[in-house]
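Q: Can you keep this structure in mind? I'll have questions shortly.
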Amino acid sequence: MAPGPEDEKNPRPLDADDIALLKTYGLGPYSASIKKVEKEIKEMAKKINDLCGE
124 MAPGPEDEKN PRPLDADDIA LLKTYGLGPY SASIKKVEKE IKEMAKKIND LCGE
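Residue numbers (my numbering): 124 to 177.
Next up, the structure:
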């Protein structure tokens, strides 16, 4: 059954499962690994720049 006008104005609040689903929606299987490696690369680049005096 289609939601009525009142249901569209006042949707139910999201619970923890809904929030977790939204956070992972659209992410590929390697997204977390890629983010971790990107962070490590940025840290290494900063360390190299500091050692080179830039």
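We put the CB at the ideal spot given by N, CA and C, even for glycine.
List the endpoints of the continuous alpha helix (DSSP H) containing residue 145.
A: As a first step, residue 145 is located in the sequence shown; it is residue number 22 there, counting from the start. 139-147 is the span of the alpha helix (DSSP H), which, as asked, contains residue 145.
Q: Where does residue 174 fall in DSSP's three states?
A: Residue numbering aside, residue 174 sits at position 51 when the sequence shown is read from its first letter. DSSP places residue 174 in helix when its eight states are reduced to three.
Q: What does the alpha-carbon distance come out to for the pair residue 166 and residue 146?
A: Residue 166 sits at position 43 when you count from the first residue of the sequence shown. Residue 146 sits at position 23 when you count from the first residue of the sequence shown. Their backbone Cα atoms lie some 25 Å apart in a straight line.
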